[in-house]
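**Student:**
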Amino acid sequence: MKLYAAILSLASAVVAFESTVPCLMWSPKNYLQPSLTNTEQLYLGTELAVSSIFASLSPNVCNAKVVAVINQPELHRSDLSRSDYTESFEHLKEHVSSAGSRVQYEYISGPLDLNKMAMDIASQCDSTVSILDSETATSGDIYAEKSHSVALMMLPAGKDAEVLRENDFKIDRFIKAIEEKVADDYIVIYTSSTPKTPETSSLKKRALADVLSRRAPKASSVNLPVFAKYQLFSPAIFMGLAISLIFVLVVATGVSWLTGIQTPTRFESKPKKQ
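Mind the numbering: the sequence shown is residues -16 to -1, 1 to 258 in mature numbering (1 follows the signal peptide of the UniProt record, and there is no 0), read in order.
1. Among I155, K143, V234 and S131, which residue has its Cα nearest to the Cα of A48?
2. Tell me the start and end of each unbroken beta strand (DSSP E) in the segment 152 to 184 that is at least 3 residues and wholly inside, in chain order.
3. Here's the rule I'm using: 16 or more other beta-carbon atoms within 10 Å means buried, otherwise exposed. How should D152 be labelled?
4. Taking Cβ positions, are Y69 and A145 nearer each other than 8 Å?
5. Restricting to Cα atoms, I'd like to know which of L32, N14, W10 and P12 is closest to L20.
6. On the criterion of 16 or more Cβ atoms from any shown chain inside 10 Å, does V234 qualify as buried, or is it exposed?
7. Run through DSSP, which three-state label would N99 get?
8. With H, G and I counted as helix, E and B as strand and the rest as coil, what does DSSP make of A48?
9. Would you identify the three-state DSSP class for R149, choosing helix, strand or coil?
10. With three or more C-beta pairs closer than 8 Å as the rule, is the segment 92 to 109 touching the segment 117 to 124?
11. Please confirm whether E58 and T175 have their CB atoms less than 8 Å apart.
12. Counting along the chain, where does the beta strand (DSSP E) carrying D117 start and finish?
13. Should S67 go down as buried or exposed, given a rule of 16 or more other Cβ atoms within 10 Å for buried?
14. If distances are taken between C-alpha atoms only, which option among T237, P12, I54 and Y27 comes closest to V134?
15. Is the beta carbon of V51 sitting closer than 8 Å to the one on I221?
16. Report the three-state DSSP secondary structure of L8 (helix, strand or coil).
17. Look at the Cβ atom of I126, then the Cβ atom of S114, and state whether they are nearer than 8 Å.
18. Are the beta-carbon atoms belonging to T181 and I92 less than 8 Å from one another?
19. Between the beta-carbon of P6 and the beta-carbon of L96, is there less than 8 Å?
20. Are the beta-carbon atoms of S85 and W10 separated by less than 8 Å?
21. Using the DSSP secondary-structure output, state which residues sit across from N55 in a beta bridge.
22. Between the C-alpha atoms of E2 and P140, what's the straight-line distance to the nearest angstrom?
23. I need the DSSP call for G94, collapsed to helix, strand or coil.
24. Short of 7 Å in beta carbon distance, which residues of its chain neighbour H79, apart from the five on each side in sequence? Order them along the chain.
25. If I155 sits next to H75, beta carbons under 8 Å apart, how far is it from one beta carbon to the other, in whole angstroms?
26. What are the boundary residues of the alpha helix (DSSP H) that K77 is part of?
27. By a C-beta neighbour count over all protein chains shown, 10 Å radius and 16 as the cutoff for buried, is M28 buried or exposed?
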């Protein structure tokens, strides 16, 4: 039972990191200021993430002529560093690396309501939201010669490397259309409204089934190599395991300290002789 509980605990940590989305923010100008430390930015709940995003934008958000919100559904932080996705984010990485200021949040739990985020920014800056088609958006659709504009662009879900590569070209075209109108006076928020769907529907059930089947493995899988039987760890899984290990070590250290504390020995005083 203890083994099963430990597996479930690790599985829960893994699922928590698997069901997250990243958020990259950048601007050619010095519009963005980190609102959290690197440690605090590691894993954020939805509400804290939204407030942190606005804190990073404020008070400069209304100074930019365009705030572009790019929605890439089913995006995970690990996609940005996968070796088989190197060509899927070439233009994105180029824009981010050459930015004058940038902020990133790697793991945000739960979906983000980007429509509401765009409307809140527009409300704060007394402007309107333009919802754009990634296939047909032009510079005229993005900015119509006014003081401020919020542009929201929805991309196809990032199912695989090829889709993300096509989306990368759309992002590059979109940003160039912005620069055609306002030069370098813009801010980009690139994130996802929908977390990536886990490759397995129930990680906890799979972990339990793995434990129960060790004594009697199925004939169809007994001769398979280990890499064919089990799914390889993703960076998110390693992160979950590392956090769980640190937690266990801290608890173990605390228990060892408590057990090492000894109560001073008390001696009965000898009765005085009469």
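Every residue gets a Cβ at the ideal spot worked out from N, C-alpha and C, and that includes glycine.
Predicted, not measured: the structure shown is a model, and the values here were computed from it.
**Tutor:** Based on what the coordinates show:
1. S131
2. 170 to 175
3. buried
4. yes
5. L32
6. exposed
7. helix
8. coil
9. helix
10. no
11. no
12. V113 to D117
13. exposed
14. I54
15. no
16. strand
17. yes
18. no
19. no
20. yes
21. M138 and T175
22. 20 Å
23. coil
24. W10 and I159
25. 6 Å
26. E74 to S81
27. At residue 28 the sequence reads Leu, which differs from the Met that was named. By the 10 Å Cβ count, L28 comes out buried.
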